[in-house]
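Quick notes on the structure that follows.
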Amino acid sequence: MKIWAHRGCSQMYPENTLLAFRQAAKIKGLTGIELDIQMTKDKHLVVCHDEKVDRTTNGIGAVKEYSLAELKKLRIDAGNGEYEQIPTIDEVLDLLEEKMLDGFKLNIELKNSRVAYEGMEEKIIEKVHARNIQGSVIYSSFSALSLERIRKLDAETEIGVLDSKVSDCLFKLRGGCGANALHPYWKGIDLPPERIKGYPVRAYFGGHLYPEKPTGTKLAITALEQKGITDVFLNEPEQYL
Numbered sequence: 005m006k007i008w009a010h011r012g013c014s015q016m017y018p019e020n021t022l023l024a025f026r027q028a029a030k031i032k033g034l035t036g037i038e039l040d041i042q043m044t045k046d047k048h049l050v051v052c053h054d055e056k057v058d059r060t061t062n063g064i065g066a067v068k069e070y071s072l073a074e075l076k077k078l079r080i081d082a083g084n085g086e087y088e089q090i091p092t093i094d095e096v097l098d099l100l101e102e103k104m105l106d107g108f109k110l111n112i113e114l115k116n117s118r119v120a121y122e123g124m125e126e127k128i129i130e131k132v133h134a135r136n137i138q139g140s141v142i143y144s145s146f147s148a149l150s151l152e153r154i155r156k157l158d159a160e161t162e163i164g165v166l167d168s169k170v171s172d173c174l175f176k177l178r179g180g181c182g183a184n185a186l187h188p189y190w191k192g193i194d195l196p197p198e199r200i201k202g203y204p205v206r207a208y209f210g211g212h213l214y215p216e217k218p219t220g221t222k223l224a225i226t227a228l229e230q231k232g233i234t235d236v237f238l239n240e241p242e243q244y245l
């Protein structure tokens, strides 16, 4: 089973921050990091899961309504009087590039199924190729149209199609969106293992985000493998490695 840090080490540190990514990058045996990108009003790619900043920052409103300068003024509480900012994808790539050149993976989820960020695909492909790290990047999205655009821009890259059920992931993949991996919710494995054999099946999980503390309860990894899951995106990867 391959272990990924979901939004970084997002149970012990604020999700999708440089702090969470820095801590994840220290974990020996970690396959990679998953994160989410959106676009500001002035067309900068930033790393944030929600379409709005309300939950994770001291601000209110949609990411797309902020300029980058305005977003950088918002604070993310990191505890003990410390604060983080919403990072740009460039800042994250600066942090991880050296490890990625050595094989460390980055799963970039394009958060464009609710907000159609025009030009997002072109921007992220350009940034990744400029650093020559395309071999260490996987793109994912719930939007089959977005994945189709990614495939047209990069014929060789790995693409994971997101959905709640693995059957829906497989349907989208076979529909021609250009994906070659399945990224379902871990409780959405509604097909027998033989139906999904041969595909990377990277399952995502929910809950237990910062500032929650470890519960001490671990997933039954063997049982997940028996379902055909090959990778897991976990908020607390440090408990497994």
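So the sequence shown is numbered by this note's numbering: it starts at 5 and just counts up by one. For every residue, glycine included, the Cβ atom is placed at its ideal position computed from N, Cα and C. Small disclaimer: the values here were computed from a predicted structure and weren't measured.
- At the C-beta level, Leu22 and Pro91 come within 8 Å of one another.
- Taking 8 Å as the upper bound for CB-CB distance, Thr234 and Lys32 are not in contact here, some 20 Å apart.
- Residue pairing of Phe108 in beta bridges, as defined by DSSP: absent, with no partner found.
- Between the alpha carbons of Leu110 and Ile64 lies a distance of about 29 Å.
- Cβ-Cβ separation between Ile93 and Lys131: approximately 6 Å, consistent with a contact (criterion under 8 Å).
- Where His133 is concerned, the enclosing alpha helix (DSSP H) starts and stops at Met124 to Ala134.
- Looking at Leu238, Thr219, Thr221 and Pro215, the one whose alpha-carbon comes closest to that of Arg206 is Leu238.
- Only buried fits Ala28, as 16 or more other CB atoms lie within 10 angstroms of its CB.
- DSSP, read as helix, strand or coil, puts Gln42 in strand.
- For the 8 Å CB-CB criterion, Leu177 and Phe146 do not form a contact.
- Fully enclosed beta strand (DSSP E) runs of no fewer than 3 residues occupy 80–83, 86–88 and 109–114 of the segment 50–114, in order along the chain.
- Counting the other Cβ atoms within 10 Å of the Cβ of Lys115 gives 16 or more, which makes it buried.
- CA-CA distance, His212 to Leu223, rounds to 13 Å.
- Here the C-alpha atom of Gly232 lies approximately 34 Å from the C-alpha atom of Met43.
- The straight-line gap separating the alpha-carbon atoms of Glu74 and Ala227 is approximately 46 Å.
- Put simply, of Asn20, Tyr70 and Ile193 the residue whose alpha carbon is nearest the alpha carbon of Ala82 is Asn20.
- The closest CA to that of Ile80, considering only Lys47, Leu151, Phe108 and Ser14, is found on Ser14.
- The three-state secondary structure of Pro218, taken from DSSP, is coil.
- In the DSSP assignment, Leu238 forms a beta bridge with Ala9.
- Across the structure, Phe209 and Val141 are spaced so that their CA atoms are roughly 20 Å apart.
- About 21 Å separates the beta carbons of Cys173 and Leu157, which is beyond the 8 Å limit, so they are not a contact pair.
- Going by beta carbons, Glu113 and Glu38 fall inside the 8 Å limit.
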